[in-house]
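A.B. asks: Sharing a structure here in structure tokens format.
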């Protein structure tokens, strides 16, 4: 029989003291959120989604160039899914910002009204560009045309994201904004990739 080492007590020799029950983990809607950091994360996922759409354009172009016998699944169909998915993700992100985040931000920081107005103009421009891409996909446009649409979206989107992050992240990470948006689901505030 082995005796327990005095420095390593067995479970039966460990003293027990009553402890308070562990607090439940906060849910995404109850914890305080660093909204600026969340915004950067969503922007990174949207950049990734744009790259997936570009890869779908390239894959569909290769399949068409290889003789038209489309492997399963049909690359043109996947192209439509990825491009439309990207469009919905970006539109949803901007809709959430416009209705949730910007409204709460302006209540706390009216000095940022000019910045928010500029960002909303960008949202309108991007909505137009996304609509043009969706129409091109639906019309089975060639890869070069689709790439031009994606390049235009990429240029405006990247400029928009950088400006938004430079001008708003610090304000979005203020505890007062986290408190104002407490209970707001990240997907409602930042779109489906939130």
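Numbering (the working numbering), first residue to last: 1 to 194.
We treat Cβ as the ideally placed atom computed from N, Cα and C, and that holds for glycine.
Roughly how many angstroms separate the alpha carbons of residue 138 and residue 153, rounded to a whole number?
C.D. replies: Cα to Cα, residue 138 sits roughly 17 Å from residue 153.
A.B. asks: Please classify residue 174: does DSSP put it in a helix, a strand, or coil?
C.D. replies: Here residue 174 sits in coil by DSSP.
A.B. asks: Are the beta-carbon atoms of residue 123 and residue 97 separated by less than 9 Å?
C.D. replies: In contact: residue 123 and residue 97 (Cβ atoms closer than 9 Å).
A.B. asks: How would you call residue 164, buried or exposed, if buried means at least 16 neighbouring beta carbons within 10 angstroms?
C.D. replies: Looking at its Cβ environment, which holds 16 or more other Cβ atoms inside 10 Å, residue 164 is buried.
A.B. asks: Using CA coordinates, which residue listed in 83, 57, 78 and 108 is at the minimum distance from residue 175?
C.D. replies: Comparing Cα-Cα distances from residue 175 to each of 83, 57, 78 and 108, the minimum goes to 108.
A.B. asks: Leaving out the 5 sequence neighbours to the left and right, which residues in its chain are closer than 6 Å to residue 49 when beta-carbon positions are compared?
C.D. replies: These residues qualify, in order along the chain: 86 and 89.
A.B. asks: Where does residue 24 fall in DSSP's three states?
C.D. replies: Any reading at residue 24 needs caution, since the residue's pLDDT is 39, under 50, leaving its predicted position unreliable; the model's value is listed next. Three-state result, residue 24: coil.
A.B. asks: State the Cα-Cα distance for the pair residue 92 and residue 193, rounded to the nearest angstrom.
C.D. replies: In a straight line, the C-alpha of residue 92 is about 9 Å away from that of residue 193.
A.B. asks: Expressed to the nearest angstrom, what Euclidean distance is found between the alpha-carbon atoms of residue 140 and residue 134?
C.D. replies: Roughly 10 Å between the two C-alpha positions.
A.B. asks: In terms of alpha-carbon separation, which member of 181, 34, 52 and 170 lies closest to residue 112?
C.D. replies: Taking only the C-alpha atoms, the option nearest residue 112 is 170.
A.B. asks: Would you report the Cα separation of residue 84 and residue 57, rounded to the nearest angstrom?
C.D. replies: When rounded, the distance between both Cα atoms is 12 Å.
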